[in-house]
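1 is the number of the first residue of the sequence shown in my numbering; add one for each residue after it.
C-beta: ideal position from N, C-alpha, C; glycine also.
Encoded as structure tokens, the structure appears first; notes follow it.
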Amino acid sequence: SLDRKVPVRKDAADTHRGTEWLALEQPANSILTTLGYPSIRAPAVVGAHRLVTIMAESEAYPKREVAESTVFFLQAEMARSLRDRCGLDAATAKLDAIGFSAGVNLATRQSALRFPCISLLDAMKYLCKDMWPVMFRKPVDRLQVDKAGNYVIQDKSFRWLEPFTGAGRDDEVMEAAILHVALPVGFIRGILHALRVECTVNADLSVANFPACHFKVALKAEDGQNFS
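So, in structure tokens, the structure goes:
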């Protein structure tokens with residue numbers, strides 16, 4: 001099922017060290033595999049240098065590619081299944097949680113061998129310039145700060161909303177769009193969490209403006225203490 005627990009097992013190569021390894025078999029890893037990234041295993045307790053080594057070793061795996069439409073079909077089926085079983089609000093929360101886990105794993109893997117982000121602005125630029133094309137096949141159109149101090153990411157042609165342009169009644173289209181952006185919202189939150197930015201992320205949707213979408217990143221009160 002989509003919300004099964006992550007099993008813990010002993011890795012044969014490390015039995016002599018008694019190291020317990022987490023088999024990352026949750027749905028988030030399935031999404032990474034679909035996107036072409038090999039699954040990796042991270043020890044339950046391990047030094048940072050060892051984690052970097054694991055990430056570097058994962059680069060030795062052959063790259064795998066799938067059609068972008070496969071990802072869209074996967075997302076559509078997940079959204080439909082969860083909506084039918086759990087209702088709109090619960091389905092949105094579950095998709096956000098899956099996206100968050102996938103975002104943390106993806107950002108950890110992508111940023112393992114680069115210099116760490118030393119400021120909030122660095123983290124946001126890394127998300128918009130480096131990670132956005134990996135996830136959504138294009139860079140963002142604009143990054144700005146609103147009067148309340150929130151970061152606003154503008155994508156004038158968000159690929160995950162393109163199928164909803166002129167798709168039917170506004171209320172039905174909006175409900176479907178809310179479900180389909182829940183996973184990307186989780187992606188964004190997970191990536192920023194991996195970069196030590198604690199925040200909430202919301203998508204500003206308007207059927208009349210599809211496929212444009214604005215994502216508002218609101219920092220938590222204590223977030224200013226994350227960077228020194």
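Comparing C-alpha distances from A177 to each of G190, I191, E162, I188 shows the shortest one belongs to E162. Taking the Cβ atoms as the reference, V201 lies roughly 6 angstroms from F215, within the contact range of under 8 angstroms. Counting only residues of its own chain and dropping the five nearest sequence neighbours on each side, Q75 has a CB closer than 7 angstroms to the CB of H180, L183. According to DSSP, residue pairing for K216 in a beta bridge involves V152, N202.
Partner residues in a beta bridge of Q75, as assigned by DSSP, do not exist.
Rounded to whole angstroms, V104 and F72 show a C-alpha spacing of 20 angstroms. Linking D96 to A218 through their CA atoms gives a straight-line distance of about 16 angstroms.
In this structure L205 is not in contact with Y126, their Cβ atoms being roughly 25 angstroms apart against a cut-off of 8 angstroms. Judged by DSSP secondary structure, L143 falls outside any alpha helix (DSSP H) and instead within the beta strand (DSSP E) spanning 142 to 145. Within the same chain, Cβ atoms closer than 8 angstroms to the Cβ of N150 are found at K216, V217, A218, L219, the five residues on either side in sequence being excluded.
Membership of M131 in any alpha helix (DSSP H) is not indicated, and neither H nor E is assigned to it by DSSP. Note that the C-beta distance between R189 and R159 is not below 7 angstroms. Inclusion of R80 and A91 in the CB contact set at 7 angstroms is not warranted, their separation being larger than that value.
Separation of the CB atoms of D155 and V140 is rounded to 5 angstroms, and the pair is thereby assigned contact status at 8 angstroms. Spanning the alpha carbons of A102 and R169 requires a straight line of approximately 32 angstroms. By the beta-carbon neighbour count (other beta carbons within 10 angstroms, threshold 16), K129 is exposed.
Taking a contact as a CB-CB distance under 8 angstroms, the pair L88 and E175 counts as one, their CB atoms being some 6 angstroms apart.
Relative to V185, the option among T108, W132, D171 whose CA is nearest is W132.
By the C-beta density criterion, G99 is buried, having at least 16 other C-beta atoms within 10 angstroms. With fewer than 16 neighbouring CB atoms inside 10 Å of its own CB, I118 falls in the exposed class. Nearest to G166 by alpha-carbon distance, out of E68, A208, I191, E77, is A208. When secondary structure is reduced to three states using DSSP, L195 falls in the coil class, being assigned neither helix nor strand.
Membership of V66 in any alpha helix (DSSP H) is not indicated, and neither H nor E is assigned to it by DSSP.
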